[in-house]
Every structure is written in structure tokens, then in C-alpha cells.
């Protein structure tokens with residue numbers, strides 16, 4: 001049974017005889033001394049003393065209220081004025097709104113002649129990788145069309161599953177008439193048009209499904225008085241024997257029928273259908289994979305952790321991984337998610353649709369998808385060649401897990417000590433209550449009963465606040481600088497019938513240069529760490545003392561250096577490198 005934060009039990013560690021309601025500040029708060037009692041280093045099985053409770057009280061008082069948005073993780077609003085060490089100077093002086101650095105740069109050799117303004121280097125002083133130019137030269141090439149969906153980011157925000165090939169007996173050049181595909185009932189019943197016969201048996205390849213069902217019926221906004229649109233497509237991709245991921249069929253809605261055609265590579269609407277999938281991928285990536293799974297969950301972790309006593313080992317372990325998380329989230333809410341902000345200016349869903357999508361994402365969130373080994377196994381992507389996120393993420397996960405396991409063993413000699421730690425149980429209960437809104441279907445624990453459970457939970461938090469956010473965030477501008485690869489909005493509704501994707505229709509459907517400029521202005525700022533770098537393993541606020549924690553940290557750093565060496569050697573041989581999880585580039589916290 002999870003703790004009830006609105007009616008906390010009596011705790012002998014707290015200095016108050018009757019602890020106040022954490023959702024409401026005390027009417028007569030006691031005097032807080034200018035120099036609060038010094039917190040002793042926590043020993044194994046620490047004494048439950050009034051001094052220990054007094055040490056936690058100022059922090060607990062600061063982080064007790066919440067400002068809920070229906071269906072979304074609940075947080076207490078923290079004014080940016082209360083964050084003196086963080087400001088726009090962290091972003092190299094580049095304001096988010098207005099985007100004064102944006103300039104129109106025609107692209108030489110652009111495959112869409114009607115798009116002269118969607119340049120690959122629109123921002124002075126912003127480092128550009130080879131990815132935008134690669135996207136331009138490979139626009140419309142089928143293998144690259146599947147690349148961003150699969151290899152570059154942890155796309156679990158988009159349910160992307162390995163599916164039994166036996167369920168698709170008619171997919172290989174044979175039209176389907178009135179027969180839904182086994183195992184995928186929403187993937188239409190209308191004939192597949194123009195899907196080639198690959199000349200191989202189905203067993204020689206594998207199929208994967210990218211399902212954007214969370215977008216169905218989502219509210220959309222308008223930009224400049226013009227309505228915007230988003231689809232909820234299904235995209236089937238084939239991993240061919242050469243290891244290339246090829247999109248082979250796209251349906252732009254969740255409901256099959258005559259008004260929901262299935263587009264294939266040989267059809268006239270194929271280029272337009274792929275553009276709709278890229279837009280859907282952008283929306284889910286930004287609002288669910290990035291905003292919810294990254295920033296909002298990290299804030300829930302941070303609030304609960306700051307309510308722990310400063311001497312608690314979990315507080316000491318996690319503190320470096322919460323650096324600037326409150327600050328960047330407050331800044332985002334005040335600039336990006338505010339009415340009329342960049343989300344309203346540059347995306348189809350706008351602020352209203354974003355909050356609705358986050359609420360859907362919370363309802364669909366599972367603990368397993370945030371744990372890399374379980375996520376890889378569940379989606380059947382463990383042996384896919386060239387999936388660089390998986391390879392790098394698993395190594396970093398294992399390194400974090402080993403370090404956390406050693407730290408936990410220093411403070412908890414046996415499982416019973418975990419179960420009996422009242423502060424620890426309150427901490428995990430608050431994350432369950434306010435982070436995932438007590439959703440038992442999520443699989444998030446509301447209590448921890450053993451050392452392995454604690455190690456796994458802490459590993460998940462550190463990974464999400466460091467490596468996972470780096471993978472989700474750092475490549476945004478690289479992939480989006482070539483706008484047709486990642487359109488933020490669509491100005492025409494999705495085709496409901498047999499539509500020829502003319503150049504004029506493509507240009508009219510894509511976002512305007514103004515909306516593109518607003519989005520690229522944002523992504524150019526947030527894709528690169530602007531302040532003092534604190535890479536994973538640096539532990540900028542390391543509160544542990546003694547030789548044992550130092551030895552564990554040294555081993556952790558050695559493993560990260562080995563991972564860096566492997567990634568650099570691999571990337572040197574790749575046409576399109578994947579550097580985003582090179583540990584030297586992974587920040588230890590969500591600070592941008």
C-alpha cells in the first residue's frame with residue numbers, strides 16, 4: 001500500500017509533533033535558524049534523532065505544494081526568481097522567442113525546389129553536424145526514411161514493436177482485399193497499392209510497427225489564423241537481410257476503410273505519407289519521449305528527493321543528477337508552454353494539445369519502458385544491426401547499475417533494511433503518487449522491498465536524468481535542421497483518398513518559414529549544453545566521503561571511458577555517426 005501524502009503517518013524523525021499536510025503550508029511555521037543544524041554523514045543503520053529530522057525540515061517545507069494539471073505529473077510552481085544561479089545566460093545569450101539569429105539560406109541541390117528558405121545552417125555560432133546535409137542528400141531515400149524512427153533515439157514514446165512475420169502473409173506484393181492483418185487489427189483492410197515484391201521470402205526479413213495511436217483525436221491549434229493538422233498513422237517497416245530498415249506501408253489513421261488508404265513505396269502519395277509520419281514522430285518525440293519521460297518525470301524525482309534529509313544516501317546519490325532540473329523546467333513552462341509561446345507558434349498541437357498528449361502519455365507510461373534491458377527485450381530489438389542507441393544505452397545502464405549497486409551495499413546490509421527505511425518508502429511513494437498519478441498499471445513501485453529493487457529504481461532515475469535525456473535531446477537540431485525530415489506542423493489535412501503528392505501539395509502541407517524558424521530557433525538553443533559542462537561521472541556535487549565511495553566512483557569512470565573509446569572508434573567508420581551517448585557528451589542532469 002503506497003503512502004498517502006495528504007495524511008502522513010507520525011514520524012519520530014520529524015521535529016514537529018503533528019506533521020502538517022504536505023499540500024498546504026503550515027499556518028504558523030516555526031522559526032528557521034539562520035544556521036540550520038549540521039547534518040552528520042549517514043552511517044549504516046543511522047539513529048533516528050531529532051537533529052536528523054530538523055536537518056530535513058527546511059527542505060521538506062520548500063517542496064510540499066503541488067500545482068496539478070489534469071492528467072499530468074503534479075509539481076509545485078517554483079518562480080524563476082528563486083533560481084539565482086540559472087538564467088538565459090546559460091543559453092549562450094540566445095533568446096528563445098523571436099529567434100533573431102534565423103536567416104533564410106537557400107540550399108544548393110534541394111530536392112524540393114519550392115522550399116528555398118529551409119536552410120541547413122540558419123543559426124550563426126551553432127555547431128552543425130553532418131546530419132542535416134545527410135538528410136538533404138538522402139531525402140526520399142527509403143533506408144534513411146526509416147532511420148530516425150529506429151536508430152537514433154529511444155522511440156518508446158512511439159510504440160515500435162517487432163511483430164511476428166507469420167502475421168503478415170500477404171504483405172509481400174500481394175494486395176489484401178477485405179482481410180485485416182493478423183495481430184494488427186487496426187492496420188487497414190483496403191488493398192495495398194504499389195507495394196513491391198521484394199523477391200525474398202518473409203522469413204528473410206523482419207517487420208516492425210510504429211504506432212502513433214496516442215495522437216488520435218488530439219486537439220490542434222492554429223498558426224497565424226490558419227488551422228493546423230496532425231495524423232495518427234501506422235507505419236510498417238521491414239528490416240531487410242542487409243540490415244536496412246525500409247518503410248513499406250503507411251496508413252494515416254487508426255481506422256481502416258475506404259477513406260484511409262494504405263500508401264506503399266510505388267504509389268503517388270508515398271512522399272506525402274512519409275511526411276505525415278515524420279510529423280507524427282516529431283510530436284510524440286517532443287511531447288512524450290522528451291517532455292514527459294524526460295523533464296516532467298525528472299521533476300517528480302527531484303521534488304521527492306529534495307524532501308529527503310540531506311544526510312540520506314539516496315539524497316546524496318541523486319543530488320548531482322538533479323542539477324538545474326527545476327530551473328530549466330520553470331523556464332520552459334514560462335516561455336515554451338505559456339499561451340502564445342513557441343509550442344503554440346510552431347507545432348500543430350499547440351499548448352492545449354501538448355497537455356492533453358502528456359496526460360495520455362502518463363496513462364500509457366510503464367516502468368519497464370524506462371529500464372533499458374527490459375525495453376529492448378520487450379520490443380524485440382536486441383539483435384537489430386546498427387541500432388546505436390541500444391548498444392550505447394545498454395553499456396551506460398550497466399555501468400550506472402554497477403556503481404549504484406556498490407553504493408547501496410555500503411548503506412543497506414540486507415533487504416530488510418530497505419523495507420524498514422521509512423524515509424525511503426515515503427520517497428518512492430511520493431514519486432508513485434505525484435509522478436505517475438498512482439497508476440498501478442504503470443508497474444512503478446509504490447514501495448521497495450529489497451536491495452535489487454532499490455538498485456534498479458535508482459539506476460532508472462540516474463539513466464533517465466542523464467543518458468536518456470541526452471539521446472532524446474542532443475540530436476534534435478541535427479535531425480530537424482532539414483525541416484522536411486522533422487516538420488513541426490502540417491497546414492493541410494491528411495489525404496483521405498488516392499492523392500498524388502505533387503511538389504505544390506508537399507510545399508503547401510509543410511509548415512511555413514515563420515513556424516519553421518520558431519522551431520529551429522528553439523531546437524538550436526536546447527540541443528547544446530550552454531553552461532559549464534558536467535558530464536556523467538563527474539559528480540559535481542559529490543557528498544559521499546570515505547575510500548569506499550571513491551573507489552566505486554573511480555571504477556564507474558573507467559567503465560565510462562571504455563564506452564567513450566568504443567563509441568569514438570565506431571563513429572569514425574560511420575557515414576552518419578551517432579555521438580549522442582558518448583559519455584563525455586552526456587550531461588549528468590537535465591539542465592537544458
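Numbering (UniProt numbering), first residue to last: 1 to 592. Positions of the beta carbon are idealized from the N, C-alpha and C atoms, including for glycine.
Close-in-space but distant-in-sequence residues of the same chain around residue i (CB under 8 angstroms, 5 per side omitted)
i	result
residue 378	368, 369
residue 338	351
residue 556	399, 400, 402, 403, 537
Cβ pair residue i, residue j closer than 8 angstroms
i	j	result
residue 229	residue 220	yes
residue 487	residue 511	yes
residue 416	residue 73	no
residue 71	residue 359	yes
residue 364	residue 218	no
residue 591	residue 390	no
residue 509	residue 483	no
residue 281	residue 472	no
residue 320	residue 589	yes
residue 268	residue 500	yes
residue 596	residue 462	Examination of residue 596 is not possible in this model, given that the chain is present from 1 through 592 alone.
residue 396	residue 467	yes
residue 283	residue 210	no
residue 308	residue 427	yes
residue 429	residue 446	yes
residue 231	residue 253	yes
residue 527	residue 474	yes
residue 317	residue 458	yes
residue 539	residue 560	no
Residue i (DSSP reduced to helix, strand or coil)
i	result
residue 270	helix
residue 582	coil
residue 483	helix
residue 490	strand
residue 227	strand
residue 247	strand
residue 367	coil
residue 534	coil
residue 211	strand
residue 539	coil
residue 383	coil
residue 466	helix
residue 498	coil
residue 442	helix
residue 524	helix
residue 263	strand
residue 476	helix
residue 257	strand
residue 570	helix
residue 242	coil
residue 592	coil
Continuous beta strand (DSSP E) stretch holding residue i: start and end
i	result
residue 427	Premise fails: residue 427 lies in the alpha helix (DSSP H), 422-430, not in any beta strand (DSSP E).
residue 239	234-239
Cutoff 6 angstroms; reference residue i; Cβ partners in own chain excluding five residues on either side
i	result
residue 342	336, 518, 522
residue 49	Unreliable positioning characterises residue 49 in this predicted model, as indicated by a pLDDT of 46, which lies under 50. The coordinate reading is nonetheless provided below. Taken in chain order, the list of residues that qualify is empty.
residue 382	376
residue 371	460
residue 599	The chain is shown only over 1 to 592; residue 599 falls outside these bounds and no answer can be derived.
residue 354	287, 343
residue 536	466, 583, 586, 588
residue 455	404, 405, 408
residue 270	263
Start-to-end residues for the alpha helix (DSSP H) that takes in residue i
i	result
residue 457	451-463
residue 407	388-411
residue 347	From DSSP, residue 347 is part of no alpha helix (DSSP H); its letter is neither H nor E.
residue 218	Residue 218 -> no alpha helix (DSSP H), and no H or E assigned at all.
residue 71	Segment: none, residue 71 is in no alpha helix (DSSP H) and carries neither H nor E.
residue 505	503-509
residue 374	372-378
residue 416	415-419
Sequence-distant residues of the same chain with beta carbon closer than 7 angstroms to residue i, five excluded per side
i	result
residue 658	Nothing in the structure corresponds to residue 658, since the chain is present only between 1 and 592.
residue 496	259
residue 222	228
residue 440	none
residue 277	233, 235, 250
> Enumerated in chain order, which unbroken segments of the alpha helix (DSSP H) with a length of 4 residues or greater are wholly contained in the region 268-337?
Replying inline: Fully enclosed alpha helix (DSSP H) runs of 4 or longer: 270-284, 297-306, 313-318, 325-335.
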